[in-house]
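Comments concern the structure below.
Number of protein chains: 2
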Amino acid sequence: MEDQIIYRIRSFNRFYVRQIGLLQNSVLNTGYSLTEAHILNELRHNPNVTATSINEVLQIDEGYLSRVIKKLINLSLITKKQSTEDKRKYYLNLTNKGIEEHQILDDLSSKSVREQIENLSKPQQLELVDFMTSITKLLK
Amino acid sequence: MEDQIIYRIRSFNRFYVRQIGLLQNSVLNTGYSLTEAHILNELRHNPNVTATSINEVLQIDEGYLSRVIKKLINLSLITKKQSTEDKRKYYLNLTNKGIEEHQILDDLSSKSVREQIENLSKPQQLELVDFMTSITKLLK
DNA sequence: CAAAATACTTGCTTTTAGCAAGTAAATAAA
DNA sequence: TTTATTTACTTGCTAAAAGCAAGTATTTTG
Chain A
1 MEDQIIYRIR SFNRFYVRQI GLLQNSVLNT GYSLTEAHIL NELRHNPNVT
51 ATSINEVLQI DEGYLSRVIK KLINLSLITK KQSTEDKRKY YLNLTNKGIE
101 EHQILDDLSS KSVREQIENL SKPQQLELVD FMTSITKLLK
Chain B
141 MEDQIIYRIR SFNRFYVRQI GLLQNSVLNT GYSLTEAHIL NELRHNPNVT
191 ATSINEVLQI DEGYLSRVIK KLINLSLITK KQSTEDKRKY YLNLTNKGIE
241 EHQILDDLSS KSVREQIENL SKPQQLELVD FMTSITKLLK
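These protein sequences, in sequence, are chains A and B.
Under this note's numbering, the first sequence has 24 at position 24, and the numbering climbs by one with no breaks.
For any residue, its number in this note's numbering is found by taking its place in the second sequence, counting from 1, and adding 140.
So this is what it looks like as C-alpha cells:
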C-alpha cells in the first residue's frame, strides 16, 4: 500500500532526474559549470548583492565560491565593488558581457525545455503545467 | 503564452532539483558517492553484467568507471569474473556485503521520500502519485 | 592473416569541492 | 574604550570526482 506510493514516487524521481539531466547538459556544453551558471543567474535576478547573500541560496563552500567569483571576474563576466559603509562587503554585478552570457545560457535552457514539450499539443502542455503546479503545492 | 508555459516548467524544474537534492543528500551521508550508489543499484537490478553494459545506462567515463569498480571490489562490495567465452569481458556481481549496503542505501532513499510526504493525507499522497504518473506519460 | 573493433586498464591532468587558518573590518562586551 | 567576538571574504593545502589519451588483450571482420 504505502510502499507502493513510495515506490512510484521514487520511480518518478529517477525519471525526472534524467529529464533534468538532459536540460543541464545543454548548459554544460557551453563551458560553464553548473555553479558558475547559478551564480550568473543569481546576479541577473539580484544585482548588487554580496558573496554571502549569494551563498544563502547556493550553499556552497565559501572558499570555493570566492575562487569561482574570482574566475568570473577574470572572464569579465562580473564586477566586484567594495562597499563604502561596510568595507568587509563586496557588491557583485554582471558586466554587459555577463548579461549576454547569462542570456545565452537562459535561452539554451528554454530551448531545451521547448524541445521536450514540442510534441505535445497545446492542451497537453497546459495540462503538464497544471500537474507540475499541483505537485509543487503538495510538496513545498 | 507559450513562454509562460516554458517559464512555469522551468520554475517546476528548479523546485524539483531542490527536492531531489534533498533525497540525494541522504545517500551522500553514507560515504558513498552518487556514482558508486548508482553502480550498486544497477548491479542489484541487473546481476552479472559487464562494465560496458552498466555504462550504457550511467554514461560515465570508461576509465573512471574502471577505477570506481576497482574501488568497490576493494571494499568487497562487488566481484569481477572474466567471461570464458569472451575474455575481454568481466561479469560484475554484488557480494553479500554489497547487497546489504545497497539495501541500506535503498532504505535511506525510501525513508527520505517518506519524510517528504509524511505531512500529506493518504488521498493527497495518491493524488501526488497520479500527477507524477501523468507527467511521466506526457514526457516520456 | 591483417586491420578494425571491443572491453577494459592505466598514467596523467583538470575540475570541483571542502577544510582550516588567516586578514580586515565591524559590532558587542567588559 | 580597549578587548573579545563576529562577519565577510581570501588563501593554502588537500581530496574527490571526472575526463582524456594511450595502451593491453581479445575478438571480429574484410
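All residues carry an ideal CB built from backbone N, CA and C; glycine is no exception.
Residue j beta carbon less than 7 Å from that of residue i
i        : j        : result
Ile146/B : Phe131/A : no
Glu62/A  : Ile54/A  : no
Ile78/A  : Leu92/A  : yes
Ser252/B : Ser173/B : no
Val17/A  : Arg148/B : no
Thr52/A  : Ser76/A  : no
Leu168/B : His242/B : no
Ile160/B : Asn48/A  : no
Alpha carbon of residue i to alpha carbon of residue j, nearest angstrom
i        : j        : result
Ser230/B : Thr175/B : Correcting the residue identity first, residue 230/B is Tyr in this sequence and not Ser. Whole-angstrom Cα-Cα distance: 19 Å.
His178/B : Lys221/B : 20 Å
Ile73/A  : Leu162/B : 31 Å
Thr30/A  : Pro263/B : 44 Å
Glu85/A  : Thr50/A  : 13 Å
Val208/B : Lys87/A  : 46 Å
Lys97/A  : Tyr64/A  : 23 Å
Beta-ladder partner(s) of residue i, from DSSP
i        : result
Gln222/B : Tyr230/B
Val189/B : Leu232/B
Exposure label - residue i; buried when at least 16 CB within 10 Å
i        : result
His185/B : exposed
Glu118/A : exposed
Gln265/B : buried
Ser109/A : buried
Proximal residues of chain A, C-beta to C-beta of residue i below 9 Å
i        : result
Arg184/B : Under the 9 Å cutoff, chain A gives no residues; its nearest Cβ is about 14 Å from Arg184/B.
Thr276/B : Ser11, Phe12, Phe15, Tyr16
Leu160/B : Just to set this straight, residue 160/B is Ile in the shown sequence, not Leu. What Ile160/B touches in chain A: Asn13, Tyr16, Val17, Ile20.
Leu232/B : By Cβ distance, chain A contributes nothing, its closest Cβ being about 21 Å from Leu232/B, past 9 Å.
Leu296/B : This structure does not reach residue 296/B, given that chain B is present from 141 up to 280, and the question cannot be answered.
Leu163/B : Arg10, Asn13
Within chain A, partners of residue i - CB distance below 7 Å
i        : result
Ile146/B : Ser110, Val113, Arg114
Leu260/B : Leu138
Under 9 Å by beta carbon: chain B residues contacting residue i
i        : result
Val129/A : Gln144, Ile145, Arg148, Ile149, Phe152
Gln124/A : Leu278
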